[in-house]
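Counting in the working numbering, the sequence shown runs from 199 upward without gaps. Every residue, glycine too, gets a C-beta built ideally from N, C-alpha and C. Quantities reported herein were computed from a predicted structural model and do not represent experimental measurements. Data first, discussion second: the structure below is written as structure tokens.
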Amino acid sequence: MAQRTSVTLEVGLQNSTLSIFMALTLLANYKMSMTPAIYTLIMFLTAGILVRVFGAKYRQVKRSEA
Numbered sequence: 199m200a201q202r203t204s205v206t207l208e209v210g211l212q213n214s215t216l217s218i219f220m221a222l223t224l225l226a227n228y229k230m231s232m233t234p235a236i237y238t239l240i241m242f243l244t245a246g247i248l249v250r251v252f253g254a255k256y257r258q259v260k261r262s263e264a
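If you want it as structure tokens, here you go:
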């Protein structure tokens with residue numbers, strides 16, 4: 199479960215960075231880079247929340263197994 203969560207968050211963060219890179223370099227369009235930039239900000243916030251939530255659940259499971 200921990201690996202699945204980690205991979206999900208990592209792919210989301212990498213895709214947002216890639217979309218900004220493509221909009222700015224390949225397309226040379228600053229207006230098109232605004233949507234990925236907003237998505238990136240939202241993704242960082244939600245990723246932080248999800249890490250806290252899943253981390254707490256993971257710790258509870260580990261404690262119950264011990």
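Ala254 is classed as exposed because its beta carbon has fewer than 16 other beta carbons within 10 Å across all chains shown.
The Cβ-Cβ distance between Thr244 and Ser214 does not fall below 8 Å. Burial check for Ala221: the Cβ neighbour count within 10 Å reaches 16 or more, so the residue is buried. From the listed residues Val249, Ile236 and Tyr228, the smallest Cα separation to Ser204 is found for Val249.
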